[in-house]
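Asks: Dumping the structure here so I can ask a few things about it.
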Amino acid sequence: MTGQFTPTTVCPKCSGAMEAGLEFEQGLNQLGDDYVIEEKEVVRVYWQKTEKAKGKFFGSEYEGLRRVGARLPVVTYRCSNCGYLESYA
175 MTGQFTPTTV CPKCSGAMEA GLEFEQGLNQ LGDDYVIEEK EVVRVYWQKT
225 EKAKGKFFGS EYEGLRRVGA RLPVVTYRCS NCGYLESYA
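Residue numbers (our numbering): 175 to 263.
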């Protein structure tokens, strides 16, 4: 896919209006609604490709996933009518 990404402004479920927003980590969810969040304070969700990997830590072997490639911020849109969420990286 090439070119500029343009998110949908119409809900694919009910044809309502989609609005952009942020997903917050649990710590920020516990703050009151009157708390003003500075832009540098916002913790965004990121997507990153992974691959299976093996490693050693203090002599113990383990298997898991290793992150590879660029970290992409996830932008989430919510339908103001039905509440449907759609996320893009």
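Just so it is clear, CB atoms sit at the ideal spot from N, CA and C, and this is done for glycine as well.
With a cut-off of 8 Å, do at least 3 Cβ pairs link the region 250-259 to the region 228-242?
Replies: No, they do not touch.
Asks: Whole angstroms is fine: what's the gap from residue 228's alpha carbon to residue 220's?
Replies: Approximately 23 Å, taken between the alpha carbons.
Asks: Measure the C-alpha to C-alpha separation of residue 184 and residue 190 and round it to an integer number of angstroms.
Replies: Rounded to whole angstroms, residue 184 to residue 190 spans 6 Å at the Cα level.
Asks: Taking the beta strand (DSSP E) that residue 249 falls in, what are its first and last residues?
Replies: It spans 249-253 - the beta strand (DSSP E) in which residue 249 sits, taken as one unbroken run.
Asks: Could you have a look at residue 263 and say whether DSSP puts it in helix, strand or coil?
Replies: Coil, per DSSP.
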